[in-house]
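To start, the structure itself, in structure tokens.
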DNA sequence: GTGGGCCGTTAGTTGACACTTACGTAAGGA
DNA sequence: TCCTTACGTAAGTGTCAACTAACGGCCCAC
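Chains as they are written, first to last, in our numbering: chain A, 464 to 585; chain B, 464 to 585.
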């Protein structure tokens, strides 16, 4: 997981993953979409492959790449662990609490409209 | 999201998030659990707070920190996007295809067992 | 075998970042 | 007021990672 999160920390690499998410592309095709040189992209591809986020397939002289979503399982579980049902409920409760505090009297939409008209006095 | 993913790319910072995931801790209490110096931890806390992953609350001379899961929403959605139902189906299809290609004749498990016994010759 | 695409790899440079020591600051008790 | 506690901040250093230019290795057509 350490390698996966470091791999997607780089914007170019995230963009590469988006490119090959649902189609196979060659190294050259991928490189042609970036401003950096082809070797730089090649190094990014190596990092992504070593992190288990990319599949490589050789066809003649070309190398075709495709995203490998299973490589992100660990990281996804880490993040989702911070988003458990309990926390989701806590967050919703906090938001409702905040809304109640901001507008303690308003009940219908008419009140809101009046407020908007008054607030136009900038 | 860029700042969030760079923030959790550092192992110490991921550990900090785990520590304050469901309880509030002071900067000093957090620092005491690491080998690095207190200023180093303080810098990590700043990075996490600036990335929106941490809430800070002052109480007297102490500063209390707690995880803020909403800060990871974007990143979670990015990762979960690679795990959609469609891709899951594509993955299964690809694996079945590969299995068919690898063992076009084998039908039962007997063949596999024989292979294992032969491979024990290390 | 030879020439031309397609790519990965190496060497070297530059910038980012994690860390340490030293210092500054705010709150609170003696 | 003075000291202590609990922090953050500044300055400086070493390491790692992203990039470029130059080079080397396959694979195929001829």
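Backbone N, C-alpha and C define an ideal beta-carbon position, used for all residues, glycine too.
Treat the numbers as computed from the prediction; the structure is a model and nothing was measured.
Considering only DSSP beta bridges, list what residue i is partnered with.
i	result
residue 489(A)	527(A)
Under 9 Å, do residue i and residue j count as touching if we go by C-beta distance?
i	j	result
residue 468(A)	residue 484(B)	no
residue 542(A)	residue 539(B)	yes
residue 528(B)	residue 487(B)	yes
residue 508(A)	residue 519(A)	yes
Roughly how many angstroms separate the alpha carbons of residue i and residue j, rounded to a whole number?
i	j	result
residue 521(B)	residue 470(B)	22 Å
residue 515(A)	residue 534(A)	5 Å
residue 532(B)	residue 502(A)	37 Å
residue 525(B)	residue 506(B)	16 Å
residue 464(B)	residue 530(B)	16 Å
residue 490(B)	residue 545(A)	20 Å
residue 558(A)	residue 495(A)	46 Å
residue 561(A)	residue 523(B)	25 Å
residue 500(A)	residue 552(A)	47 Å
residue 421(B)	residue 475(B)	Outside the shown range of chain B, which is 464 to 585, sits residue 421(B), and nothing can be said about it.
residue 555(B)	residue 504(A)	29 Å
residue 517(B)	residue 517(A)	32 Å
With respect to the beta strand (DSSP E) encompassing residue i, which residues constitute its N-terminal and C-terminal limits?
i	result
residue 517(A)	517-522
Give the range of the alpha helix (DSSP H) segment to which residue i is assigned.
i	result
residue 468(A)	465-470
residue 503(B)	501-513
residue 497(A)	First-last for residue 497(A): undefined, no H or E at that position.
residue 544(B)	536-544
residue 478(B)	474-482
Comparing alpha-carbon positions, which option in the options lies nearest residue i?
i	options	result
residue 466(A)	500(A), 489(A) and 513(A)	513(A)
residue 497(B)	510(B), 479(B) and 547(B)	479(B)
residue 436(B)	536(A), 547(A) and 552(A)	With chain B represented from 464 up to 585, any question about residue 436(B) goes unanswered, as that position is not in the structure.
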